[in-house]
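Have a look at the structure below, then the notes.
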């Protein structure tokens, strides 16, 4: 099983690539997974035991009977119904007895998490298995990513995801973990109320998520300034296009001034850069490219050179 898991890791696109070596190292050192837990509440383990001879009944047909009963009556039936009501045809494989008791252990909660792809993707026709992307924090190499991989490889022989993207965590402006005791927590609601949702979105998009990211009032002010410069560029463009009628004012490219041809070519280059960055999940490069285009290529150069034409 370990060999299969290690082989399956190589079939996944890891973003960033260091995720592959991290997952491989954890799987190589991983002990056996004990699925049972002794708790009062959780997902029951659908195993019955013979009272006279203590033989556990681990038969697919019995588990399927229990599954049908719980699907009809709800999971609480496991705790309220008698064993023979849960699986009327169950018999002890050793003595053929019918005096049974239910197992009292529950499944590890990580098993619930690890088979979420079975519960979510398989029953829905509008979704597909495996998932195109799993997205979570870098701590989930040990958690969700790993516990999802194990049952998927055991059941289907391949991972439940095609790509895995991991991100760092949000720290304060000095790189410290946020905590109430330090008084350095910046809540998203506070950012939205003070700056607006677009500033928060732009800050998130501008961060290189492959490492831990920092946030502070100074950083948010810088993000707000970036937003204003991009927005002002588009406002200026729209203001000069308010009475533009393509049917009357358009000209074939051969008649465009050289400066306009350069601007169109530069805009197409920007689109190509953006598409490549999105395909690579490098969202911060998208923000950087758009900012450079608006502030340097357009505002500082092209639009400045166009003022005589625009105002005559």
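Residue numbers (this note's numbering): -15 to 296. Glycine is no exception: its CB is placed at the ideal position from the N, C-alpha and C atoms. These numbers were taken from a predicted model, which means no experiment stands behind them.
Helix, strand or coil at residue i according to DSSP, with G and I counted as helix
i	result
residue 126	coil
residue 86	strand
residue 27	coil
residue 160	coil
residue 52	helix
residue 57	helix
residue 295	coil
residue 170	coil
residue 66	coil
residue 205	helix
residue 223	helix
residue 213	helix
residue 78	coil
Residue i: first and last residue of the uninterrupted beta strand (DSSP E) it sits in
i	result
residue -3	-3 to -1
Beta-bridge pairing of residue i - partner residues as DSSP gives them
i	result
residue 120	150
residue 33	40, 85
residue 115	145
residue 20	91
residue 197	154
Distance cut-off 6 Å: residue i Cβ against heavy atoms of the ligand HEM
i	result
residue 73	What this structure holds is no ligand at all, so the ligand HEM is not there to describe.
Continuous alpha helix (DSSP H) stretch holding residue i: start and end
i	result
residue 182	181 to 190
residue 262	242 to 263
residue -7	-14 to -7
residue 11	2 to 13
residue 272	267 to 276
residue 100	100 to 104
residue 231	230 to 233
For residue j and residue i, the rounded distance between their alpha carbons
i	j	result
residue 11	residue -10	7 Å
residue 35	residue 89	16 Å
residue 196	residue 167	19 Å
residue 79	residue 85	15 Å
residue 112	residue 254	33 Å
residue 96	residue 27	8 Å
residue 0	residue 185	22 Å
residue 123	residue -2	14 Å
residue 38	residue 159	57 Å
residue 65	residue 32	13 Å
residue 193	residue 170	18 Å
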